[in-house]
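Remarks on the structure that follows.
In our numbering, the protein residues as written are 390 to 709.
What follows is the structure in structure tokens.
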């Protein structure tokens, strides 16, 4: 192992030791730390450090300061610190975790990037990647941006309320899912699936055949905005979601028990399911629609192409 102390920090090159793994801890200064071909653990400590894993399945931690951490070859774990770090997985199937306002970059294989807080930016790179946001330690709002880029990526939001995050799938058949509200989802090219999207989201499909699932088991006070774009798209939504006119196959599920809701169909093929309450459904003049009425005295307007398979709607008007 080469170790050279300088006034501002430490330079360590452990690669000369051969195949034995190294444990390296930096100084409070700005260090340059390089591992071995084996599975190393390197902690940057304080200071603005440059950390490289070399080969092997390494565990690399930036800690305090504004650090640059790169896993290089191997299946590495790369973790930032409180500063605005640059985190690179390198070659291999890597796990990257941001802590502060970091910039994270996956490699050409299937990486996992977990964004914990703040204004971090994550790029999956090539391969089928998993990118997620997780609840921060504080209640501060998150403005993270996650980009799947190439491959069939999975992007998930797990933060609580108060977030304004952006998730972009990029090329490939991506899955975008949310367990928090107030986020923007961009499908990009490919047949994308928007699943379990919570209220107050902004969804943009792209140019291919996308699927949108925003209907939930509980009544929603705020709806999502769904923009299908070109392609043959499928939407399963509830009230009060706002659905653009270019969505081809739309299913509306009303779960707002006790409310008197009004539903207007699109020009495409719609499926409408009402719940309790006195609902008003108008699907006349669009495609060949299907309406199922729940409990309550509902009013339905149909045309000659529309059907009620269960014949369970109370006040029905047909417009030919």
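Note that the Cβ used here is the ideal one computed from N, Cα and C, for glycine as well.
Would you kindly work out how many angstroms separate the C-alpha atoms of residue i and residue j, rounded to a whole number?
| i | j | result |
| --- | --- | --- |
| residue 635 | residue 421 | 54 angstroms |
| residue 663 | residue 639 | 14 angstroms |
| residue 436 | residue 401 | 15 angstroms |
| residue 594 | residue 603 | 13 angstroms |
| residue 441 | residue 564 | 32 angstroms |
| residue 501 | residue 572 | 20 angstroms |
| residue 656 | residue 637 | 8 angstroms |
| residue 618 | residue 596 | 6 angstroms |
| residue 567 | residue 585 | 6 angstroms |
| residue 391 | residue 476 | Because the pLDDT at residue 391 is just 48, under 50, the model does not fix this residue reliably, and the value given afterwards should be weighed accordingly. Distance between the alpha carbons of residue 391 and residue 476 is about 24 angstroms. |
| residue 701 | residue 579 | 39 angstroms |
| residue 557 | residue 660 | 29 angstroms |
| residue 393 | residue 399 | With a pLDDT of 43 at residue 393, under the threshold of 50, the modelled position of that residue is not reliable, and the figure given next carries that caveat. Looking at the two C-alpha atoms, the distance is approximately 6 angstroms. |
| residue 495 | residue 697 | 51 angstroms |
| residue 627 | residue 642 | 5 angstroms |
| residue 583 | residue 600 | 6 angstroms |
| residue 680 | residue 576 | 30 angstroms |
| residue 453 | residue 672 | 60 angstroms |
| residue 684 | residue 699 | 13 angstroms |
| residue 689 | residue 598 | 30 angstroms |
| residue 488 | residue 434 | 15 angstroms |
| residue 705 | residue 691 | 7 angstroms |
| residue 455 | residue 623 | 45 angstroms |
| residue 522 | residue 511 | 10 angstroms |
| residue 483 | residue 459 | 10 angstroms |
| residue 678 | residue 569 | 32 angstroms |
| residue 555 | residue 533 | 7 angstroms |
| residue 611 | residue 654 | 20 angstroms |
List the DSSP bridge partners of residue i.
| i | result |
| --- | --- |
| residue 505 | DSSP lists no partner for residue 505. |
| residue 626 | 641 |
| residue 591 | 573 and 614 |
| residue 680 | 661 |
| residue 651 | 669 |
| residue 631 | 614 |
| residue 543 | 519 and 564 |
| residue 532 | Its beta-bridge partners do not exist; DSSP assigns none. |
| residue 538 | DSSP output for residue 538 lists no bridge partner at all. |
| residue 510 | 492 and 534 |
| residue 441 | 423 and 459 |
Give the single residue among the options whose Cα lies nearest to the Cα of residue i.
| i | options | result |
| --- | --- | --- |
| residue 508 | 451, 499, 474 and 628 | 474 |
| residue 694 | 581, 703 and 674 | 674 |
| residue 547 | 500, 535 and 430 | 535 |
| residue 415 | 465, 426, 425 and 439 | 439 |
| residue 687 | 699, 504 and 670 | 670 |
| residue 446 | 431, 642, 555 and 578 | 431 |
| residue 537 | 468, 582, 489 and 519 | 519 |
| residue 632 | 682, 699, 589 and 562 | 589 |
| residue 630 | 622, 471 and 652 | 652 |
| residue 429 | 417, 493 and 412 | 412 |
| residue 682 | 692, 676 and 667 | 667 |
| residue 356 | 533, 451 and 481 | Not covered by the structure: residue 356. The range shown for the chain is 390 to 709. |
| residue 478 | 613, 515 and 555 | 515 |
| residue 540 | 466, 581 and 459 | 581 |
| residue 409 | 419, 417, 690 and 426 | 426 |
| residue 449 | 467, 692 and 443 | 467 |
| residue 490 | 483, 499 and 503 | 503 |
| residue 499 | 486, 510 and 543 | 543 |
| residue 471 | 417, 570 and 451 | 451 |
| residue 703 | 592, 665, 465 and 677 | 665 |
| residue 419 | 403, 443, 614 and 457 | 457 |
| residue 616 | 574, 654 and 650 | 574 |
| residue 561 | 545, 517 and 587 | 517 |
Would you say the beta carbon of residue i comes nearer than 6 angstroms to a heavy atom of the ligand ADP?
| i | result |
| --- | --- |
| residue 579 | The model depicted lacks the ligand ADP and carries no ligand whatsoever. |
Pick out the complete beta strand (DSSP E) segments inside the segment 444–502, 3 residues or longer, and give them in chain order.
448–450, 457–459, 466–468, 475–477, 484–487 and 492–494
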